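Heads up, the thing below is written out as structure tokens.
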Amino acid sequence: AQSVTQPDIHITVSEGASLELRCNYSYGATPYLFWYVQSPGQGLQLLLKYFSGDTLVQGIKGFEAEFKRSQSSFNLRKPSVHWSDAAEYFCAVQSGANNLFFGTGTRLTVIP
Amino acid sequence: SAVISQKPSRDICQRGTSLTIQCQVDSQVTMMFWYRQQPGQSLTLIATANQGSEATYESGFVIDKFPISRPNLTFSTLTVSNMSPEDSSIYLCSVVQGAGYTFGSGTRLTVV
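Those protein sequence lines, which keep their order, are chains A and B. Last residue of the first sequence: 112 in our numbering, with the numbers rising by one and none dropped. Last residue of the second sequence: 224 in our numbering, with the numbers rising by one and none dropped.
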């Protein structure tokens, strides 16, 4: 069965510092992987997705993620965090039935 | 990508009552999804709604509690019936179109 693990519940970084949010998945076939961001009181916004091809995926707002099949990981990165990046981040995997399975999320706090 | 209008954005309801949430999409889509996000939790798929057929519910969710309508390819409703405080959550609709999922901004429900 498919599952998504985000081992970090809460991360705090200083503005301007680099960021990496971890995501590990379990899925029998080639996964379709997503990262979403949810700002307080808002819906979900797609940051980036991986379906196939280049394993380094570029997204919006300066985010990127790298798919590593050998590690079953799809970690999200940003070289320099802005205060507006403070939000909840969700990794998700799509099953063959068009269902999205979400991780438990990582809450990002950005300090000045 | 599709634009989703979801309403109400929030509501406070008395226990034992029902609330119907509406989701309107600006283009025709085959599949619509309803998710629940309990406080501090990730998103859990409630059901998949296809036009012209009964919704398909995930384990732990039943039609009597969460009846869904899908009268056409651009609209769906989710009703939360006989509410209890445990139903306090954010409810989101989602559509898949092409290579991506789009989410509504969510309905924040508080049951008192």
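C-beta: ideal position from N, C-alpha, C; glycine also. Here the structure is a predicted model, which means the values were calculated and not measured.
Tell me the DSSP secondary structure of Lys49 of chain A in three-state form. Of the three classes helix, strand and coil, the one that applies to Lys49 of chain A here is strand, per DSSP.
I want to verify the contact list: residues of chain B whose CB lies under 7 Å from the CB of Gln42 of chain A, in sequence order. Neighbours of Gln42 of chain A on chain B, chain order: Ser217.
Determine whether the Cβ of Gly103 of chain A lies closer than 8 Å to any Cβ atom of chain B. Answer yes: the Cβ-Cβ gap between Gly103 of chain A and chain B drops below 8 Å somewhere.
Which value, in whole angstroms, describes the spacing of the CA atoms of Trp83 of chain A and Ile202 of chain B? Within the model, the alpha-carbon separation for Trp83 of chain A versus Ile202 of chain B is close to 25 Å.
Label Lys78 of chain A either buried or exposed according to how many other C-beta atoms from any shown protein chain fall within 10 Å of its C-beta, with 16 as the threshold for buried. Buried: at least 16 other Cβ atoms inside 10 Å.
Can you give me the start and stop residues for the beta strand (DSSP E) that His82 of chain A sits inside? Boundaries for His82 of chain A: no beta strand (DSSP E) harbours it, and the DSSP string shows neither H nor E there.
Give me the Cα-Cα distance between Gly41 of chain A and Gly28 of chain A, rounded to the nearest whole angstrom. Cα-Cα distance, rounded: 34 Å.
Between the CA atoms of Val224 of chain B and Val57 of chain A - distance to the nearest angstrom: Val57 of chain A and Val224 of chain B have their C-alpha atoms some 44 Å from each other.
At the level of alpha carbons, what is the spacing between Gln6 of chain A and Leu46 of chain A? About 17 Å.
Tell me where the beta strand (DSSP E) around Asp123 of chain B begins and ends. Unbroken beta strand (DSSP E) run through Asp123 of chain B: Arg122 to Cys125.
Using only alpha-carbon positions, find the residue among A:Ile111, A:Pro112, A:Trp35 and A:Thr104 that is nearest to Gln149 of chain B. Closest option to Gln149 of chain B, Cα to Cα, is A:Thr104.
At which residues does the beta strand (DSSP E) containing Gly212 of chain B begin and terminate? For Gly212 of chain B, the enclosing beta strand (DSSP E) begins and ends at Gly212 to Phe215.
Here's a check: name, in chain order, each residue in its chain whose Cβ is nearer than 6 Å to the Cβ of Gln136 of chain B, leaving out the five neighbours to either side. Close CB contacts of Gln136 of chain B within its chain, under the 6 Å cut and outside five residues either way in sequence, are with Ser117 and Phe187 (chain order).
Please find out if some non-hydrogen atom of the ligand SAM comes closer than 7 Å to the beta-carbon of Ile175 of chain B. The ligand SAM is absent from the structure shown, which contains no ligands of any kind.
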